[in-house]
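Here is the structure we will look at.
Residue numbers (this note's numbering): 75 to 492.
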């Protein structure tokens, strides 16, 4: 039986939870059924990825134009997409036949694979790890993908983009109505109503499949210690990850007593998004930049603090739960805020309130019994996030013969209510 050749396109220049989750999911595929080629500007990540450890992966390194890659709209954004389209066109011309192309980030970043699809007629599998921008072009991409695997928290943003795309189809009808002296507000309301209905109807099709991240047995974290309280913060330095809030919370706590902490950070490259500064002077704190021995560092801690704003999922939080840590998360309506219970398997604080966060941290320092109890419940709760189950739909789709892929997705459409 011919192995399915999957091309992974990765134009993101730094490591993050989305890339790790993609690697973890695809690594679970059967080596006898699939093979992978990764076209990326981050060769170092993929060389050391879980996917490369489990499969013989061909990695093709490409170059980005840094100032161009930072553009998110307008002429230069499209110029960047055209550049990546030419790069992909060149790469695919010399590779063995691709059975599908996988977009590992989101339509707004992976736009080039949809332009390539028009030439090579190859199916596209799109992963959505975070909210997408409300864009007509992104909406168009969503109508072109054969399979879209999305985190449930991103559903509304996908619907918004589809609505924007379908609204464009009613522009002519809108203009004709204006010429008939119809009230402009009535025309717009009708346009929004029709495009919203069409977007919702399209989203019900079988190619939109929700998924939840998980951790494989092989990558399950080491159990954290239960002896002395020690905090851990681990994320990229993107501003929305909230490093400054954690720093302020620690400085407030230090006015009463020492709070020992570890901060592990990834510094984003080639981004126009705001980035925090690290390391900074902070007592009782160890700093690490993208450490290789992260699992060993994490097991020396037992309190995980998240300060991210409206995290679509939060893979680092799941890893902390799996390690049996007491996680402290903001009350912001994000995924973990909706599934974890305050005081049982986590602790919560009002989002962006570093003073309350400081008090919560100190409470754990003064109540070892409560800390250990939450650690135990957190570890128990994490057991339902085994990657072998959470990524099963992805594995089946990516491993299926292209001719059978559509029927495979229909079997999973019952999970739309996730």
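A virtual CB, placed ideally from N, CA and C, is assigned to each residue, including glycine.
ask   = Are residue 237 and residue 218 touching if we call contact CB-CB under 8 Å?
value = no
(request) Round the Cβ separation of residue 198 and residue 177 to the nearest angstrom and send it over; I've been treating them as touching at under 8 Å. (result) 6 Å
key: Cβ separation of residue 419 and residue 451, assumed to be a contact under 8 Å, to the nearest whole Å   = 4 Å
message = Suppose the cutoff is 7 Å on Cβ atoms and the five residues either side in sequence are ignored; what does the same chain contact list for residue 161 look like?
response = Here the set comprises 136.
May I have the straight-line CA-CA distance separating residue 173 from residue 286, to the nearest angstrom? 25 Å
- What did DSSP end up calling residue 73 once you bin it into helix, strand or coil? An answer regarding residue 73 cannot be provided, because it is not within the stretch 75 to 492 covered by the chain.
Residue 80, enclosing beta strand (DSSP E) - first and last residue:
78 to 84
Checklist entry - Can you tell me where the beta strand (DSSP E) with residue 422 in it begins and where it stops? => result Boundaries of the beta strand (DSSP E) around residue 422: 421 to 424.
Note to self: When you compare the CB positions of residue 203 and residue 281, do they come within less than 8 Å of one another, or not?
What the structure shows: no
Return the chain-ordered list of same chain residues with a C-beta closer than 7 Å to the C-beta of residue 119, the five sequence neighbours on each side being excluded. 89 and 93
field: Candidates 269, 263, 226 and 225, of which the one nearest residue 234 by Cα
entry: Per the Cα distances, 269.
Enumerate in chain order the residues of its own chain whose CB-to-CB distance from residue 468 is below 7 Å, with the five nearest sequence positions on each side excluded. 99, 223 and 285
Is residue 454 buried or exposed, if buried means 16 or more other CB atoms sit within 10 Å of its CB?
exposed
Checklist line | Cβ neighbours of residue 476 in the same chain (closer than 8 Å, five flanking residues each side left out) | finding: 78, 173, 174 and 197
Inset, instruction - At 3 residues or longer, and completely inside the segment 146 to 215: list those beta strand (DSSP E) runs for me, N to C. - result: 174 to 177 and 198 to 202
Output the distance between the C-alpha atoms of residue 246 and residue 156, rounded to the nearest integer angstrom. Because the pLDDT at residue 246 is just 48, under 50, the model does not fix this residue reliably, and the value given afterwards should be weighed accordingly. The alpha-carbon atoms of residue 246 and residue 156 are separated by roughly 28 Å.
Worksheet item: Which residue comes first and which comes last in the beta strand (DSSP E) that contains residue 221?
Response: 221 to 224
So the candidates are 305, 83, 91 and 107; which of them puts its Cα closest to the Cα of residue 474? If we check each option's Cα against that of residue 474, 107 comes out closest.
So, is residue 414 buried or exposed, given that buried needs 16 or more other C-beta atoms within 10 angstroms?
-> buried
**Report entry** 6 Å CB neighbourhood of residue 381 in its chain, flanking five on each side removed
**Finding:** 316, 319 and 320
Original post:
residue 308 bridges to which residues according to DSSP?
Top reply: 338
* Asked: If we ignore side chains and look at the alpha-carbon of each, how far apart do residue 359 and residue 214 end up?
  -> 47 Å
Q) Beta carbon of residue 295, beta carbon of residue 364: below 8 Å? A) no
**Q.** Cβ-based neighbour list, residue 362, same chain, cut-off 6 Å, excluding 5 preceding and 5 following
**A.** Excluding sequence neighbours, residue 362 sits near 338.
(message) Excluding the 5 residues flanking residue 386 on each side, which residues of the same chain have their C-beta closer than 8 Å to its C-beta?
(response) 203, 204, 205, 225, 227, 228, 408 and 409
For the alpha helix (DSSP H) that residue 284 lies in, which residues bound it at each end?
Not the alpha helix (DSSP H): residue 284 falls in the beta strand (DSSP E), residues 282 to 284.
| Residue burial classification, residue 76 (beta-carbon count within 10 angstroms, cutoff 16) | Its Cβ having fewer than 16 others within 10 Å, residue 76 is exposed.
Sort 357, 341 and 356 by Cα distance to residue 350 and report the nearest one.
341
Helix, strand or coil: how does DSSP classify residue 144 here?
coil
Using three-state DSSP, classify residue 390 as helix, strand or coil.
-> helix
*residue 377 lies in the beta strand (DSSP E); which residues open and close that run?*
Per DSSP, residue 377 belongs to the beta strand (DSSP E) from 377 to 379.
Sorted by chain position, which residues of the same chain lie with C-beta nearer than 6 Å to residue 186's C-beta, five sequence neighbours on each side aside?
155, 158, 159 and 162
Task: Whole-angstrom distance between residue 111 and residue 436, CA atom to CA atom - done: 49 Å
Give the secondary structure of residue 266 by DSSP, where H, G and I count as helix, E and B as strand, and everything else as coil. helix
- Which residue from 81, 292, 101 and 336 puts its Cα closest to that of residue 184? 81
Exercise. Determine, using beta carbons only, whether residue 298 and residue 449 come nearer to each other than 8 Å.
Key: Taking 8 Å as the Cβ cut-off, residue 298 and residue 449 qualify as a contacting pair.
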